[in-house]
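So the structure is just underneath, and the comments pick up after that.
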Amino acid sequence: MRASRHLTIAAALLVASACTQVRYATPSDPDAMANTSVDALYPSDTYLVDAPARKPGSPERPPLADAGAGCWGKPACPCPPQHVTCTGDPKRGVVCHCDDYRDYVINRWTLPTDDASRIGNAADLDGDGLLDNGLGALLQSLKGIGAAASFQADLDHTIDSGAALALLRVATKTTSFAETSRLSYARAVDRSCCDDPSDASSCATQAAARCFSGVATFSAQNGAWVEAPATVTAGRIAASLPGSVHISLPLYVGGRAVEVAVEQARIEGQLAGDAITNGRLVGVIRRAELNKTLIPAMAAHFDALIHDTSVSQLDRTALANLLDGNKDGTISFSEVASNALIASILQDVDIDKDGTFELSVGLGFSAVRAVVNN
Numbered sequence: 007m008r009a010s011r012h013l014t015i016a017a018a019l020l021v022a023s024a025c026t027q028v029r030y031a032t033p034s035d036p037d038a039m040a041n042t043s044v045d046a047l048y049p050s051d052t053y054l055v056d057a058p059a060r061k062p063g064s065p066e067r068p069p070l071a072d073a074g075a076g077c078w079g080k081p082a083c084p085c086p087p088q089h090v091t092c093t094g095d096p097k098r099g100v101v102c103h104c105d106d107y108r109d110y111v112i113n114r115w116t117l118p119t120d121d122a123s124r125i126g127n128a129a130d131l132d133g134d135g136l137l138d139n140g141l142g143a144l145l146q147s148l149k150g151i152g153a154a155a156s157f158q159a160d161l162d163h164t165i166d167s168g169a170a171l172a173l174l175r176v177a178t179k180t181t182s183f184a185e186t187s188r189l190s191y192a193r194a195v196d197r198s199c200c201d202d203p204s205d206a207s208s209c210a211t212q213a214a215a216r217c218f219s220g221v222a223t224f225s226a227q228n229g230a231w232v233e234a235p236a237t238v239t240a241g242r243i244a245a246s247l248p249g250s251v252h253i254s255l256p257l258y259v260g261g262r263a264v265e266v267a268v269e270q271a272r273i274e275g276q277l278a279g280d281a282i283t284n285g286r287l288v289g290v291i292r293r294a295e296l297n298k299t300l301i302p303a304m305a306a307h308f309d310a311l312i313h314d315t316s317v318s319q320l321d322r323t324a325l326a327n328l329l330d331g332n333k334d335g336t337i338s339f340s341e342v343a344s345n346a347l348i349a350s351i352l353q354d355v356d357i358d359k360d361g362t363f364e365l366s367v368g369l370g371f372s373a374v375r376a377v378v379n380n
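Okay, so the sequence shown: first residue is 7 according to the numbering used here, each after it adds one.
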């Protein structure tokens, strides 16, 4: 009767959503729980799976399950593997704790091209009491000479076309998402969000329905998520991510927006139902990364501008006078890197006090619900 009751509970509970639900399989030793209600033993975010006898000296809490595997090599809990932990004595059956989670796609990045967005998305990254957003200072300076006038529109259109997409995953132990345990960030595989990317207006309309309606499906590039513990205060989630995260900036090389690695990134935003609003990403771009990605992309972008007849002659001349140091009609990496204005902005913060300056970054964003398949 007890085993039958366990199976009856399992059948009843399987009808609900996988990760906010309890699902039980009959343990290898059902009589071990003879005097305890299954419902009392395990809370509503756990999954019980069959397990072999525990080996002498094996841990009570194994490490996180590998991709495609469950606890102790048994069938996987129906959640992403990074959100599964295991507890319990395998002689009685192993409990897989499966956090609830929500996936989002970032549908807009707000570039710091004016005072409001630069200051609003800044943070004190080096502890000197001043707000840092060197990227904002750089973009505002370039906008002043006509070199960044369309940056926001260009990035908006790139995202609407289905490129330069980023994903967020919020994992929680409570269905109200009042207490969040983890936040993850990933770059998405490009996908088609509109039929004709050359038509910005129709592309934006189609993208809203096709990719940013709350039910669109995406894949994380290589299944690679950067994950960190997160906190929620008054509905605002915040996490400091390890390693680096990649963002796209509207400097185009070979038709693609350049990807830049941001380190010591902190992401925060307001959890608002099926969206994240008033989001912000701050961090730094190290000098080696500037030399590898951002400065070459800037040089290519500026060189194209001074040869683009659709740009006003006044702006082309101003840009050439600022950056074409040897007056040979081209703008090179060395001319951008050594330009006094740009160099002064890039000498921004030294967060690790190693004598090498980094460029501080502060961007705004919004995100909508999505379905991520890895």
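By construction, the Cβ of each residue, glycine as well, lies at the ideal position given by its N, Cα and C atoms.
Bear in mind that the values here come from a model prediction, so they are computed numbers and not experimental data.
Contact under 8 Å by Cβ, residue i with residue j
i, j, result
"Gly168", "Asp196", "yes"
"Ala213", "Asp166", "yes"
"Ser225", "Asn380", "yes"
"Val111", "Ala222", "yes"
"Ala267", "Gln227", "no"
"Asn345", "Leu328", "yes"
"Leu136", "Ala376", "no"
"Gly275", "Ile253", "no"
Enclosing alpha helix (DSSP H) for residue i [first to last residue]
i, result
"Pro302", "301-312"
"Glu341", "339-344"
"Gly368", "Per DSSP, Gly368 belongs to no alpha helix (DSSP H); it is in the beta strand (DSSP E), 365-378."
"Ile165", "157-166"
"Gln319", "319-329"
"Ala230", "Here Ala230 belongs to no alpha helix (DSSP H), and DSSP marks it neither H nor E."
"Asp121", "121-126"
"Ala143", "140-150"
Beta strand (DSSP E) segment containing residue i, residue limits
i, result
"Gly285", "281-291"
"Ser254", "250-259"
"Ser208", "Here Ser208 belongs to no beta strand (DSSP E); instead the alpha helix (DSSP H) covers 206-216."
"Ala172", "172-178"
"Ile243", "242-246"
"Ile273", "262-278"
"Thr336", "Neither: Thr336 is in no beta strand (DSSP E) and is coded neither H nor E."
"Thr237", "237-239"
Proximity winner among the options, relative to residue i (alpha-carbon distances)
i, options, result
"Ala122", "Asn380, Gly370, Val374", "Gly370"
"Asp356", "Ala244, Gly285, Asp134", "Asp134"
"Ala129", "Gly368, Lys298, Ser372", "Gly368"
"Ala281", "Ser350, Ser372, Val238, Pro302", "Ser372"
"Leu131", "Gly249, Ala263, His163, Arg272", "Arg272"
"Arg188", "Lys149, Thr116, Arg175", "Arg175"
"Gly261", "Gly150, His163, Val374", "His163"
"Gly241", "Ala310, Leu257, Thr178", "Thr178"
"Val259", "Ala303, Ser204, Leu173", "Ala303"
"Pro118", "Asp360, Leu144, Leu136, Asp109", "Leu144"
"Lys359", "Arg292, Asn332, Leu300, Thr315", "Arg292"
"Ser316", "Ser156, Trp115, Val264", "Ser156"
"Thr336", "Ile348, Leu347, Thr323", "Thr323"
"Leu171", "Asp205, Phe218, Asn127, Gln319", "Phe218"
"Ser263", "Gln319, Ala210, Tyr107, His307", "Looking at the sequence shown, residue 263 is not Ser but Ala. The residue with the shortest Cα to Cα distance from Ala263 is His307."
"Ile348", "Gln319, Asp321, Asp205, Asn297", "Asn297"
"Trp115", "Ser340, Ile301, Thr283", "Thr283"
Exposure label - residue i; buried when at least 16 CB within 10 Å
i, result
"Ile125", "exposed"
"Ser207", "exposed"
"Ala230", "exposed"
"Ala17", "Interpretation of Ala17 is limited by its pLDDT of 32, a score under 50 that renders its predicted location unreliable; the figure taken from the coordinates is listed afterwards. Answer is exposed; the Cβ neighbour count stays below 16."
"Gly140", "buried"
"Leu311", "buried"
"Pro256", "buried"
"Pro309", "One detail in the question is off: residue 309 reads as Asp in this sequence, not Pro. Buried: at least 16 other Cβ atoms inside 10 Å."
"Leu148", "buried"
"His313", "exposed"
"Thr362", "exposed"
"Leu352", "buried"
"Cys85", "Below a pLDDT of 50, predicted positions are generally treated as unreliable, and Cys85, at 49, falls in that range; the measurement from the model is reported next regardless. Burial call: buried."
"Leu365", "buried"
"Asn127", "buried"
"Gly249", "exposed"
"Leu320", "exposed"
"Arg8", "Any reading at Arg8 must be qualified, since the residue scores a pLDDT of 41, below 50, and its modelled position is unreliable; the value itself is stated next. It counts as exposed."
"Gly285", "buried"
"Gly142", "buried"
"Thr299", "buried"
"Val55", "Confidence is the limiting factor: at Val55 the pLDDT is only 40, short of 50, which leaves the residue's position unreliable and the question unanswerable from this model."
"Ala294", "exposed"
"Ala215", "exposed"
Whole-Å CB distance - residue i paired with residue j, under 8 Å assumed
i, j, result
"Asp354", "Asp201", "Between Asp201 and Asp354 the Cβ distance is about 42 Å, and since that is not below 8 Å, they are no contact."
"Ser338", "Ala305", "6 Å"
"Gln270", "Val290", "6 Å"
"Asp109", "Val374", "Not really, about 10 Å apart at Cβ, beyond 8 Å."
"Tyr191", "Val251", "5 Å"
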